[in-house]
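Data first, discussion second: the structure below is written as structure tokens.
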Amino acid sequence: MERELIISLDAMGGDDAPEIVVEGAAIARERYPNVKFILFGDETEVVPLVTKFPLLKDNCEIRHTEKVVSAEEKPSQALRRGRDSTMGLAIESVRQGESCAAVSAGNTGALMAMAKFMLRTMPGIDRPALGSLLPTSRGESIMLDLGANVECDENNLVQFAIMGAAFARTVLGLNRPSVALLNVGVEELKGNEVIKNADKILREADLPINYVGFSEGHGLANGEVDVIVTDGFTGNVALKMAEGTAKMISGLLSAALKNSIFSKIGYLFARSALQGLKDHLDPNNHNGAVFMGLNGLVIKSHGSASASGFASAIGVAVDMAANDLAGKITEDLKNFEGHNKVEEAVVAEEKVS
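This is the structure:
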């Protein structure tokens, strides 16, 4: 029997909270019978919603607080005033070991700041990174960082590669995921010094990954590799571009199919295939970005996610917790650091001789 997992939810975070959060939790409970929830929110709003779902009612605890971090609140303000908010208490539950992960659709900057401050970074990780699944032509790939770190050095990128590979092994079930650095070209001479140095380190490292070198922007949509590594500035721009392109394609396709009687007839024959394409591109089906490199799991849902989208974010939390993402990252970091020490010792001995 699978062990019971308890996940804390920021019931008031997101555009349509708490309705979407509660309904998403109910959907997730059906998918994952071993999961229970702690919901942090205003009980006058949350309790009536929970009573609509008998399966959820018997498998969740509601903890009352009226304090909510607003979408406009700055991270510094959230740190000062938000520790006893729905978001802060959900993270605190993870820190105390009551729950194995926290999920919130609230203010991204505030969530990142509070998670980092309250949970701290893992040994061997300089900066946590935000990573998520992206739809590609061959399935799904993982990209990080998506905005947590605007500027990065080569060591940050190497650590992101290690964490991203652990993500791929945990969620995608890949034993040796392929990893690439996002660059302006695939040639070794392309890119700035930071990315060149990161490339050199990854080529020489003994890690459970298939490092393939550089990948260009079109490789994101093609799904050329399982894990794409970049700095937070580039990653966030690429993510928003991908989401905007998906919406544009869906909109143009919908308009084209309504353009004439013949296109409407054609739609009847292609309806199932077109629905499959729409589902694959729908951000709700790939929802759930992970703050990796912390001493605890925190998952960020899209603020505008649907109930099924929020359930997808909970699903990411379940996969991460059940398959011990933190343990995989810790093990890979130890092996990487051990390999580096051996290499340094060999170099030192060669210099002496």
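All residue numbers for the sequence shown refer to the working numbering, where the first residue is 924 and numbers rise by one. All C-beta atoms, glycine included, are put in the ideal place defined by N, C-alpha and C. Computed from a predicted structure; not experimentally measured.
* In angstroms with no decimal places, state the Cα-to-Cα distance between Ile961 and Ala1212. => 20 Å
* Look up Thr1059 in the DSSP assignment and say whether it is helix, strand or coil. => strand
* **Whole-angstrom distance between Ile943 and Ala1268, CA atom to CA atom** => Confidence is the limiting factor: at Ala1268 the pLDDT is only 39, short of 50, which leaves the residue's position unreliable, though a coordinate-based value still follows. Approximately 55 Å, taken between the alpha carbons.
* Reduced DSSP category for Val1117 - H, G, I as helix; E, B as strand; rest coil -> Three-state result, Val1117: helix.
* Hey, would you say Val1150 sits closer than 9 Å to Ile1124, going by beta carbons? -> Cβ atoms of Val1150 and Ile1124: not closer than 9 Å.
* Apart from the five residues on each side of it in sequence, which residues of its chain come closer than 6 Å, Cβ to Cβ, to Phe976? -> Ala949
* How is Lys1181 classed by DSSP in three states: helix, strand or coil? -> coil
* Cα separation between Ala1024 and Ile1014? -> One C-alpha to the other measures close to 8 Å.
* Asked: What distance in whole Å lies between the Cβ atoms of Leu1143 and Ala1165, which are believed to be in contact at a cut-off of 8 Å?
  -> 6 Å
* To do: Kindly confirm or deny that the stretch 1232 to 1247 and the stretch 1092 to 1103 touch, where touching means at least three C-beta pairs closer than 8 Å.
  => yes
* Asked: When DSSP builds the beta bridges, which residues end up paired with Arg986?
  -> Answer is Phe963, bridged to Arg986.
* To do: Buried or exposed for Val1160, please, with buried defined as at least 16 other CB atoms from any protein chain shown within 10 angstroms of its CB.
  => By the neighbour-count criterion, in which a residue is buried when 16 or more other Cβ atoms sit within 10 angstroms of its Cβ, Val1160 is exposed.
* Asked: What are the residues that DSSP puts in a beta bridge with Thr1044?
  -> Leu1217
* What is the DSSP secondary structure of Ala1169, counted as helix, strand or coil? -> Helix.
* **Any 3 or more C-beta pairs closer than 8 Å across the stretch 953 to 973 and the stretch 1059 to 1075** => no
* Could you tell me which residues DSSP pairs with Val1150 in its beta bridges? => Ile1065 and Val1102
* Can you name the residues that DSSP bridges to Val958? -> Leu928
* **Residue nearest to Val871 in terms of C-alpha spacing, selected from Ala1084, Pro1100 and Ser1138** => Within the shown structure, residues of the chain are numbered from 924 to 1276, placing residue 871 beyond reach of any answer.
* Using the Cα positions of Lys1257 and Glu1063, report the straight-line distance between them to the nearest angstrom. => Computed Cα separation, rounded: 28 Å.
* **Length of the line joining the Cα atoms of Ala1234 and Asp981** => 18 Å
* Option nearest Gln1019 by Cα separation, candidates Gly1005, Met1041, Ser999 and Ile1184 -> Met1041
* Can you list, in chain order, the residues of its chain whose CB lies under 7 Å from that of Ala1089, leaving out five sequence neighbours each side? -> Leu1248, Lys1251, Ile1252 and Asp1255
* Asked: Do you know offhand how far Lys1187's Cα is from Leu1176's?
  -> Taking the straight line joining both Cα atoms gives about 12 Å.
* Asked: Do you know whose CA, among Glu1147, Asp1154, Glu1127 and Ala1084, lies nearest Gly1114's CA?
  -> When only C-alpha atoms are compared, the closest one is Asp1154.
* **Beta-carbon proximity of Glu946 to Ala1230, cut-off 9 Å** => Taking 9 Å as the cut-off, the beta carbon of Glu946 is found closer than this to the beta carbon of Ala1230.
* Taking the C-alpha atoms as reference points, what is the distance between Gly1054 and Phe963? -> 25 Å
* To do: Quickly, what does DSSP pair Val1026 with across the bridge? List them, please.
  => Partner(s): Leu932 and Ile1222.
* Asked: Under a three-way DSSP split, which group does Ala940 fall into?
  -> coil
* With C-beta atoms as the reference, is Val1117 less than 9 Å away from Asp1076? -> yes
* To do: With Val1241 as the anchor, note down where its alpha helix (DSSP H) starts and where it stops.
  => Residues Ala1230 to Ala1245.
* Could you work out which residue in Gly936, Asn1106 and Arg954 is closest to Gly1136 when comparing CA atoms only? => Asn1106
* Could you tell me if Lys1170 is buried or exposed, where buried requires 16 or more neighbouring beta carbons within 10 angstroms of its beta carbon? => exposed
* To do: Provide the residue(s) that pair with Phe1083 in DSSP beta bridges, ordered along the chain.
  => None; Phe1083 has no bridge partner.
* To do: Assuming Phe1214 contacts Leu1130 (C-beta within less than 8 Å), just tell me the rounded distance between them.
  => So it is not a contact: roughly 22 Å between Cβ atoms.
* Asked: For Met1037 versus Pro1100, is the C-beta distance shorter than 9 Å?
  -> Not closer than 9 Å, so no.
* **Supposed contact pair Arg1050 and Asn1218 - C-beta distance, whole angstroms, cut 8 Å** => Actually they are not in contact, since the Cβ atoms of Asn1218 and Arg1050 sit about 14 Å apart, beyond 8 Å.
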